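If you're matching positions, the sequence shown starts at -16 in the numbering used here and goes up one per residue.
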Amino acid sequence: MNNRSTLHQRQYKNALITIEKLKLIKAEIDFKLKSNPVCSHLHKDLRAINLDITITQNEIEHLNEYEV
């Protein structure tokens, strides 16, 4: 039981760290898009980051639902 709790806490902590890193990357991309709004590579990167953020947020919600 203790291992499960520890694993849950570790996964939750890692997901929070990941979401913060992704938000920083998103902010950098948004900043670059202000100076070059038609760059297709930046838009592609932004879509990928937004997807990663959504996935991580869903993971956090899932971990909250099944809290040990």
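C-beta atoms are modelled at their ideal positions from N, C-alpha and C, and glycine is treated no differently.
The structure displayed is predicted, hence computed values, not measured ones.
Q) Would T(-11) be called buried (16 or more neighbouring beta carbons within 10 Å of its own) or exposed? A) Taking the first residue of the sequence shown as position 1, residue -11 is located at position 6. Exposed.
Q. Would you call the CB atoms of L5 and T39 closer than 8 Å?
A. By one-based count along the sequence shown, residue 5 stands at place 22. By one-based count along the sequence shown, residue 39 stands at place 56. Yes; because the gap between Cβ atoms is below 8 Å, this pair is in contact.
Q) Roughly how many angstroms separate the alpha carbons of N19 and Y(-5), rounded to a whole number? A) Here residue 19 is taken as the residue at index 36 of the sequence shown, counted from 1. Here residue -5 is taken as the residue at index 12 of the sequence shown, counted from 1. Going by the C-alpha atoms only, they are around 36 Å apart.
Q.
Considering just the uninterrupted stretch of the alpha helix (DSSP H) at N(-3), what are its terminal residues?
A. Within the sequence shown, numbered from 1, the residue matching residue -3 stands at position 14. Looking at the DSSP string, the run of the alpha helix (DSSP H) that includes N(-3) is -15 to 18.
Q: Could you say which of V21, Y49, E11, I43 lies nearest to I32 if we only look at CA atoms?
A: Position 49 of the sequence shown, counting from 1, holds the residue named residue 32. Selected option, being the one with the closest Cα: E11.
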